[in-house]
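Residue numbers (this note's numbering): 7 to 181. Glycine included, C-beta positions come from ideal geometry on N, C-alpha and C.
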């Protein structure tokens, strides 16, 4: 689906790029390309964070502001108020998982990445992911995926493994 959309937008960009009479259409196609590629695929546009448990009101406000501005696209976005697109920045987040040690040096560790499973209300310590693959950080997380550490050598200082995570050496680990 994404590749089909990308091909259509690229075709439209080539079509409108040749015609210098209608720069507004080219602007809108380039805007669509920018939002599709968003940091070469390393960023996402979402108001949710912390494993989709919390919603940022600021990010929702930014998205709603741009949506309302697009209701009068000719006067606002294409007109003199194109700066309203900067409100999208409040909802942009990294899609990657990068781990650091306590001195903020990059720390490549094995992590398991798989589809997120809802484990609320289950007894014991159930697995939070299914169908996982083991990678070494940094890794890119798709929508609906979750990561967990693949080793007991380190413990994360945050309960959610997304974005930038600081790891501490596990003192309980036997050498």
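Query raised in the report: In this structure, does DSSP put residue 115 in helix, strand or coil?
Result: coil
Query raised in the report: Are there 16 or more other CB atoms within 10 angstroms of the CB of residue 60, so buried, or fewer, so exposed?
Result: exposed
Query - Residues sharing a beta bridge with residue 54, DSSP - result: 61
Query raised in the report: Considering only the beta carbon of each residue, do residue 105 and residue 140 sit closer than 7 Å?
Result: no
Query - Span of the alpha helix (DSSP H), counted from its first residue to its last, around residue 36 - result: 29 to 43
Query raised in the report: Cα separation between residue 112 and residue 84?
Result: 42 Å
Query raised in the report: Are at least three pairs of beta-carbons, each pair with one atom in the segment 112 to 121 and one in the segment 68 to 85, less than 8 Å apart?
Result: no
Requested in this report: Tell me whether the beta-carbon of residue 122 lies closer than 7 Å to the beta-carbon of residue 156.
Outcome: no
Requested in this report: Note down, in chain order, each residue of its chain lying with its Cβ closer than 7 Å to the Cβ of residue 97, except the 5 sequence neighbours on either side.
Outcome: 51, 52, 53, 65, 68 and 69
Requested in this report: With a threshold of 16 other CB atoms inside 10 Å of the CB of residue 93, please say whether the residue is buried or exposed.
Outcome: buried
Query raised in the report: What are the boundary residues of the beta strand (DSSP E) that residue 100 is part of?
Result: 98 to 100
Query - Candidates 31, 91, 164 and 103: closest to residue 148 by CA position - result: 103
Requested in this report: Provide the residue(s) that pair with residue 172 in DSSP beta bridges, ordered along the chain.
Outcome: 106
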